[in-house]
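Numbering (the working numbering), first residue to last: -10 to 389. Idealized CB from N, CA, C, for every residue including glycine. Treat the numbers as computed from the prediction; the structure is a model and nothing was measured.
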């Protein structure tokens, strides 16, 4: 009757899955769906950790009421005010009017912006390091600003060593009845979901990710309970290691992402030729058509691999629009520590190479290889040789 699962004897997951949402935040395609996580703690005082998106709130209210089993709700801890986790706060207050809302000062200001209920009589304002006892459990709070909103905090249960990590350590994808990451092949089946989620939504804020990881490293962890995706109860060191790479913009692997945008196929041909030359050298290559693949997927692999090549024709004296969009997205996400090359095409006035370079050049710690390679309409012997030379140059930087 109720889709709930126990995390521990006194902590229960009361969230839900959304398989109908096609665009997360109206931007990122999620054909695999997404989960919204919330947790109820039954102690001398009862505690609800965050709420859910309005799309699943009716199931959520039923789950919470079932777990409480007639008990009052004493506290709602609000770690993050983004509506996919906070839209149901007013509904919780309506159904359990005596509830106290544990939040920080920035969160309180946002609550007033989103809702009109009386907050002053309900708010319990906490600062970093404050401790609230619920009976057996002792809860303390760690601020995590800009991971990925300024008010974000995480809650740590000192008793059972549980980190309620807000949006950190989450991922796209529904849970499909599973709750724990060790119940599935996470690294084989879900790592791409996690990478695309983190790099696109929080990737811009690498220094803030690293600051939060530094705080988390001082905590003994038995469980990590994020607001999206699986709960972790073991073997999460490698996943935290991935976060350290993403947050420091360190490539996970040596390899080349080639992203192209092509009008009539000639620029695409150049990209395919380069991919062949690189693959012949034993270099891992991922090729994307930026006209067909949403930027979030390409950005995810751009965070994964060490080298990037962008190929696009000139269009209205600018960069062909799908590539222009992709490059500006990459620049906005502040991706660093990559080696980059460009291929331009133009029948009478090729200028896309210079303009692509201008978009990327402002990103710190970016190495741009000589060029760009210029194609006039289609690949001829001269450009074929230049593409082979580019493959050699990329190989040299990899060996170095």
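Residue interval of the beta strand (DSSP E) (run including residue i)
i	result
residue 212	212 to 214
residue 138	Segment: none, residue 138 is in no beta strand (DSSP E) and carries neither H nor E.
residue 324	Run containing residue 324: none; DSSP gives neither H nor E here.
residue 173	Neither: residue 173 is in no beta strand (DSSP E) and is coded neither H nor E.
residue 81	It is not in any beta strand (DSSP E) - residue 81 instead sits in the alpha helix (DSSP H) that spans 78 to 84.
residue 120	120 to 122
Start-to-end residues for the alpha helix (DSSP H) that takes in residue i
i	result
residue 7	Unbroken run through residue 7 is the beta strand (DSSP E), 5 to 7; no alpha helix (DSSP H).
residue 289	284 to 293
residue 205	195 to 205
residue 190	180 to 190
residue 310	310 to 321
residue 237	226 to 237
residue 98	94 to 103
residue 395	No information on residue 395 is available, as it lies outside the stretch -10 to 389 that the chain covers here.
residue 107	Counting along the chain, residue 107 falls outside any alpha helix (DSSP H), and DSSP gives it neither H nor E.
residue 240	Unbroken run through residue 240: none, as it is neither H nor E.
Beta-carbon spacing of residue i, residue j below 9 Å
i	j	result
residue 260	residue 291	no
residue 27	residue 53	yes
residue 41	residue 74	yes
residue 235	residue 170	no
residue 69	residue 142	yes
residue 325	residue 238	yes
residue 132	residue 112	no
residue 367	residue 258	yes
residue 214	residue 152	yes
residue 383	residue 298	yes
residue 191	residue 255	no
residue 62	residue 87	yes
residue 266	residue 376	yes
residue 172	residue 103	no
residue 64	residue 35	yes
Identity of the residues DSSP links to residue i by a beta bridge
i	result
residue 130	144
residue 152	145 and 213
residue -5	1
residue 302	334
residue 89	64
residue 297	246 and 329
residue 169	220
C-beta neighbour in chain B for residue i, strict 9 Å
i	result
residue 227	Structure shown: chain B not included; a single protein chain is present.
Q | Runs of alpha helix (DSSP H) wholly within the stretch 335 to 389 (minimum 4 residues, chain order) | A | Listed in chain order, they are 341 to 350 and 370 to 388.
Q | At least 3 beta-carbon pairs within less than 8 Å: the stretch 182 to 192 vs the stretch 111 to 128 | A | Counting Cβ pairs under 8 Å, fewer than three are found: no touch.
(Q) Report the start-end ranges of each alpha helix (DSSP H) in the stretch 245 to 282 that is 4 residues or longer and not cut off at the edges. (A) Segments of the alpha helix (DSSP H) lying fully in the stretch 245 to 282: 255 to 269.
Q: Pair every Cβ in the stretch 280 to 298 with every Cβ in the stretch 222 to 231, then say whether three or more of these pairs are closer than 8 Å.
A: Counting C-beta pairs with one atom in each stretch, the stretch 280 to 298 and the stretch 222 to 231 have fewer than three that are closer than 8 Å, which means they do not touch.
Q: Take every Cβ of the stretch 309 to 321, pair it with every Cβ of the stretch 247 to 264, and state whether three or more of those distances are shorter than 8 Å.
A: At 8 Å Cβ cutoff, the stretches touch.
Q. Counting pairs of beta carbons, one from the stretch 48 to 63 and one from the stretch -3 to 7, are three or more of them closer than 8 Å?
A. Yes, since at least three Cβ pairs between the stretch 48 to 63 and the stretch -3 to 7 fall closer than 8 Å, the two stretches touch.
Q. Within the chosen definition, does the stretch 324 to 339 reach the stretch 357 to 364 through at least 3 CB pairs nearer than 8 Å?
A. The stretch 324 to 339 vs the stretch 357 to 364: in contact.
Q: Check whether the stretch 343 to 357 touches the stretch 367 to 384, counting contact only when three or more Cβ pairs, one atom from each stretch, lie closer than 8 Å.
A: Verdict: no, contact absent.
Q: Identify every run of the beta strand (DSSP E) within the stretch 1 to 53, keeping only runs that are complete inside it and at least 3 residues long; order them along the chain.
A: When DSSP assignments are scanned along the stretch 1 to 53, the uninterrupted stretches of beta strand (DSSP E) that are 3 or more residues long and fall wholly within it turn out to be 5 to 7, 23 to 25, 28 to 31 and 35 to 38.
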